[in-house]
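Numbering (UniProt numbering), first residue to last: 1 to 474.
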């Protein structure tokens, strides 16, 4: 085997080559040093730019998500309590809808019948069948055709609000349909509808404890909203829904009525560029648009009055301006007929002129719980003749001396449905009515205990008024 042919240099020549290399290296050293320094500067610049960009991205993300992070922060000292996020703070309102409302495929929804009309379109009863879940009844709000982008945004804002809440006394959002027409908001179905009309249809048919239970549920829902820093601004019996188990749930979280001044609904009166429901609204909110949880407490007191009067209109036929004037003069609503004194006092507490003097919803819930546990506290009936902390509008007992017929009297006490029963049974005059007994009421078909009590109390009041005015029946 042959070895590779190496050519070896003499030792002297190797030394000369090394010396030549050293000399060349010394000549190029400044150039090498300069290049290295430039490289270091370049690398440092890249690192600095990278850091600045990273910080900018971090600040950008923080700006985008700061409000969202609040959603999971602690509220009022309650660990884990979510805080409400106004969907109108989103640069893209559709992002709020995507975050808080579940998109439902329209094939899962069956529309059955119209049950009402909302501000943006008709409301239907229908069914919802999601994959893997049982079919349920739902309420379906629709957005009418020809809507503007602003109307679509305002309509869907209610879903963005409802989707943030999770409480047994707050109406539950099932989801939205935005990828087909009509656009829909789908919520749980409440069999008995709005509380005000439900109470009017069932006048006198519930016990005081049942009514207190309804009010307690509403207060619990409002306590939850207050803890989330959400102010309702339109709390009223018409915006409370009732299910088949008499559970009351707060609803109607639309904001557009406060942002626009073009609705013709007489319930809402113009105030500083918006519409507000005067009869339910705290004086500071009417005067200065100061809406807070304390102004919701004022509205809750009006709801209590609506419940105990079985859906009577607050302040009766007074004009909105007359209501404002009366409130400014410290007049307050009187107790509804047969209203327990403790409940009317709670109403008066809710109507304190100083908003800081009003109870919080937590206190209201606790107070109602005590009443439910101790029903004897509800036995004392409020009277308008007692000396209250505020003067009362005296409209609780009609002036019977001005009535000339049985029909007129029944209309005044909202018992018109018994007109034919009275007349066909021979009670054709107020003189005969004043002689009626509970047995007479049963005989003519008044079987509901609440209606019997209301009629007999009215008869008693009529006797007293007539005895004080002997010529009234002449």
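The C-beta atom is built at its ideal place from N, Cα and C for all residues, glycine as well.
message = What does DSSP give as the partner residue(s) for residue 111 in the beta ladder?
response = 126
inquiry  = Just verifying my parser: in three-state terms, what is the DSSP assignment at residue 184?
reply    = strand
query = Which residues in the same chain have their Cβ closer than 7 Å to the Cβ of residue 108, if we skip the five residues on either side of it in sequence?
reply = 128, 129, 130
ask   = Can you tell which of 188, 213, 348 has its C-alpha closest to the C-alpha of residue 327?
value = 348
request  = Can you check the stretch 334–401 for any beta strand (DSSP E) of at least 3 residues that lies completely inside it and give the ranges in chain order?
outcome  = none
inquiry  = Given a cut-off of 8 Å on the beta-carbon distance, is the pair residue 338 and residue 457 in contact?
reply    = yes
inquiry  = Looking at the strands, I want to know which residues DSSP matches up with residue 175.
reply    = 186
request  = Excluding the 5 residues preceding and the 5 following residue 421 in the sequence, name in chain order all residues of the same chain whose CB lies nearer than 6 Å to its CB.
outcome  = 444, 445
query = According to DSSP, is residue 137 helix, strand or coil?
reply = strand
request  = List the residues that DSSP assigns as beta-bridge partners of residue 241.
outcome  = 194, 249
key: Continuous alpha helix (DSSP H) stretch holding residue 403: start and end   = Per DSSP, residue 403 belongs to no alpha helix (DSSP H) and is neither H nor E.
request  = Consult DSSP for residue 283 and reduce its assignment to one of helix, strand or coil.
outcome  = helix
task = Give a yes or no on whether the C-beta atoms belonging to residue 123 and residue 141 are separated by under 8 Å.
result = yes
message = In the DSSP assignment, the alpha helix (DSSP H) including residue 289 goes from what residue to what residue?
response = Careful: residue 289 lies outside any alpha helix (DSSP H) and carries neither H nor E.
message = On the criterion of 16 or more Cβ atoms from any shown chain inside 10 Å, does residue 455 qualify as buried, or is it exposed?
response = buried
task = Please list, in chain order, all residues of the same chain as residue 116 whose beta carbon is under 7 Å from its beta carbon, the five residues on each side excluded.
result = 123
request  = Say yes only if the C-beta of residue 204 is nearer than 7 Å to one or more non-hydrogen atoms of the ligand ZN, and no if none qualify.
outcome  = Of the ligands one can find in the structure shown there are none, so the ligand ZN has no counterpart to examine.
query = For the putative contact between residue 340 and residue 381, defined by C-beta atoms under 8 Å, what is the C-beta separation to the nearest angstrom?
reply = 6 Å
ask   = With C-beta atoms as the reference, is residue 357 less than 8 Å away from residue 293?
value = no
ask   = So which of 373, 197, 223 has the shortest CA-CA distance to residue 296?
value = 223
key: CB of residue 214 within 8 Å of CB of residue 246, strictly   = yes
request  = Give the straight-line distance between the Cα atoms of residue 278 and residue 218, rounded to the nearest whole angstrom.
outcome  = 20 Å
task = With a threshold of 16 other CB atoms inside 10 Å of the CB of residue 300, please say whether the residue is buried or exposed.
result = buried
message = Once the 5 residues before and after residue 189 are set aside, which same chain residues still bring their CB inside 7 Å of it?
response = 125, 137, 138, 139
request  = Quick one: using the 10 Å Cβ neighbour count with 16 as the cut-off for buried, is residue 61 buried or exposed?
outcome  = Below a pLDDT of 50, predicted positions are generally treated as unreliable, and residue 61, at 38, falls in that range; no measurement from the model is reported.
Selected residue, minimal CA-CA separation from residue 415, among 150, 105, 106, 202 = 202
key: At least three beta-carbon pairs within less than 8 Å, the stretch 195–210 to the stretch 308–315   = yes
task = Please state if the CB of residue 276 and the CB of residue 285 are separated by a distance shorter than 8 Å.
result = yes
ask   = Relative to the C-alpha of residue 434, which residue among 417, 350, 216, 403 is closest?
value = 403
Exposure of residue 464, with buried meaning 16 or more beta-carbon neighbours within 10 Å = exposed
task = Look at the Cβ atom of residue 84, then the Cβ atom of residue 151, and state whether they are nearer than 8 Å.
result = no
Same chain only: Cβ atoms within 6 Å of residue 70, ignoring 5 sequence neighbours per side = Bear in mind that a pLDDT of 35 at residue 70, under 50, signals an unreliable position, so the model cannot answer this.
key: Helix, strand or coil at residue 277 [DSSP, three-state]   = strand
request  = Could you check which residue in 177, 249, 239 has the C-alpha nearest to that of residue 167?
outcome  = 249
request  = Provide the residue(s) that pair with residue 332 in DSSP beta bridges, ordered along the chain.
outcome  = 392
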